[in-house]
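Below: the structure, in structure tokens.
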């Protein structure tokens, strides 16, 4: 499990405009990851 301030591990995931590759994004610009719970779920 990650702690506050840890760097995110590299990953690839499905996005609304195709695959998202964290390593590729970091090559060109700073990245902010934001996660939120699914709609209408506790959390």
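In our numbering, the protein residues as written are 2 to 44. All C-beta atoms in this analysis are idealised placements derived from N, C-alpha and C, irrespective of residue type, glycine included.
Proximity below 9 Å, CB of residue i to CB of residue j
i          : j         : result
residue 12 : residue 3 : no
residue 34 : residue 9 : yes
Residue i (DSSP reduced to helix, strand or coil)
i          : result
residue 25 : helix
residue 16 : strand
Residue nearest to residue i in terms of C-alpha spacing, selected from the options
i          : options      : result
residue 14 : 26, 31, 6, 8 : 26
Closer than 8 Å: residue i CB and nearest the ligand NAP heavy atom
i          : result
residue 39 : This structure does not include the ligand NAP; it has no bound ligands of any sort.
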